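What follows is a single structure, written as structure tokens, with notes after it.
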Amino acid sequence: MIAPRLPVLALVAILLAPGAAQAIMGGGPAAAEVAAQTVLIVSTRGASCTGAVLAPDLVLTAAHCVAPASDYAVAIIGDGPPKLVPAKRIAVHPRFDAGQFQIHRPTPDLALVKLAEPLPGRFRTARLASADGLPEKGTPFLLAGYGVVADGQGKSAGTLRTVALSSIGITGGIMVRLSAPEGAAGACTGDSGGPAFRDGAVAGVTGWATGPGGSRGCGGVTGVTLVSLHRDWIEATAKSLGSPLGSGR
């Protein structure tokens, strides 16, 4: 997530400034189908994340993106002047522990954001992957995010890009680790909460990234919370928020 504290509209302006043309390390432009299912989340604490559209007024993202006290909104860009769709309610997975990054014990890094109004008509609801066990090594995923192209390059955020990565293992039985076979690629600052697609469905939510060899930064390994293991919570919570899955466009 982006660290400096900025008003939401100022943050959006920075994301749209000249040079803000890329996102996700080692990635490429997102296909229209992916763009229609993915949104940019901003906040009054100056942070940005990514999310997947589950209903016209419901977004799935990472819990660490929206758990801190702040005002959150989805920033609509590309349809003329930027528009903010405020978050009305936020539901964080009850077993998420914000200290997981310090204790290195993964917890369900998932949250649902109920919006104050439906997203514009160009957005479409994403399909959640069914519960089908843990992915084998080598299983391909497609990550999508609005983050930066490299650690520390904040001005490169704000455009949706994707990157294809393969599974290299499982952490804590709930997170899959993804990495490119060669070269630096993966999620970076601002890509947290973004969808990890598998066979066209959202199979995971981006939670963390490392640099090469486990160093601090991006381009090494990306950690993704598997949504199929928590589909019951997602479905029940979406219904309780008044946005049941399958109710979207």
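Just so we're aligned: the sequence shown equals residues -23 to -1, 1 to 226 in mature numbering (1 follows the signal peptide of the UniProt record, and there is no 0). For glycine and all other residues, C-beta sits at the position ideal for the given N, C-alpha and C. Just so you know, these numbers come straight off a predicted model, no measurement behind them.
C-alpha gap between residue i and residue j, whole angstroms
{"i": "F118", "j": "F174", "result": "6 Å"}
{"i": "G223", "j": "G146", "result": "31 Å"}
{"i": "F100", "j": "L31", "result": "10 Å"}
{"i": "V182", "j": "A93", "result": "23 Å"}
{"i": "A213", "j": "G160", "result": "40 Å"}
{"i": "G36", "j": "D56", "result": "Just to set this straight, residue 36 is Val in the shown sequence, not Gly. Each residue's Cα considered, the two are about 19 Å apart."}
{"i": "T15", "j": "P33", "result": "12 Å"}
{"i": "residue 246", "j": "G196", "result": "Because the chain is modelled from -23 through 226, residue 246 falls outside the range shown and cannot be assessed."}
{"i": "A50", "j": "G115", "result": "36 Å"}
{"i": "R72", "j": "R208", "result": "14 Å"}
{"i": "T38", "j": "A121", "result": "12 Å"}
{"i": "L105", "j": "G200", "result": "18 Å"}
Contact set for residue i: own chain, Cβ-Cβ below 6 Å, skip 5 residues either direction
{"i": "L17", "result": "A52, Y123"}
{"i": "V69", "result": "A40, A44, A88"}
{"i": "S220", "result": "A32, D34, L35"}
Same chain, Cβ closer than 8 Å to residue i, neighbours up to 5 away in sequence not counted
{"i": "Q77", "result": "P83, T84, D86"}
{"i": "S47", "result": "S20, T21, R22, A24"}
7 Å Cβ shell around residue i - same chain, five flanking residues per side excluded
{"i": "P6", "result": "R138"}
{"i": "I151", "result": "P83, P85, T202, L203, L206"}
{"i": "R66", "result": "K91, L218"}
{"i": "L(-8)", "result": "Interpretation of L(-8) is limited by its pLDDT of 44, a score under 50 that renders its predicted location unreliable; no figure is taken from the coordinates."}
{"i": "A75", "result": "H41, A44"}
{"i": "A12", "result": "L137"}
Nearest candidate by alpha-carbon position, reference residue i, set the options
{"i": "D168", "options": "I151, T187, P33, G55", "result": "T187"}
{"i": "A103", "options": "E10, L206, M2, V198", "result": "E10"}
{"i": "V198", "options": "P97, F73, G28, S143", "result": "S143"}
{"i": "G170", "options": "V90, L96, G98, A162", "result": "V90"}
{"i": "C26", "options": "L218, G184, S220, L35", "result": "G184"}
{"i": "V140", "options": "H81, A157, V153, M152", "result": "A157"}
{"i": "S20", "options": "S107, T38, C42", "result": "C42"}
{"i": "G191", "options": "A178, R208, G163, P59", "result": "G163"}
{"i": "G3", "options": "G115, C165, A12, T148", "result": "C165"}
{"i": "E113", "options": "P221, G135, T148, T136", "result": "T148"}
{"i": "P95", "options": "I1, P63, A12", "result": "P63"}
With 16 other Cβ atoms within 10 Å as the buried cut-off, status of residue i
{"i": "G110", "result": "exposed"}
{"i": "I211", "result": "buried"}
{"i": "Q79", "result": "exposed"}
{"i": "P172", "result": "buried"}
{"i": "R154", "result": "buried"}
{"i": "G28", "result": "buried"}
{"i": "S107", "result": "exposed"}
{"i": "G177", "result": "exposed"}
{"i": "A180", "result": "buried"}
{"i": "G98", "result": "exposed"}
{"i": "A8", "result": "exposed"}
Quick one: complete beta strand (DSSP E) runs, 3+ long, within the segment 48 to 104?
-> 49 to 53, 60 to 69, 88 to 92
3-residue-minimum beta strand (DSSP E) runs that sit fully inside the segment 108 to 177, ordered along the chain | 117 to 122, 138 to 148, 152 to 156, 172 to 175
Start-end ranges of the beta strand (DSSP E) lying completely within the segment 195 to 219, minimum 3 residues | 199 to 203
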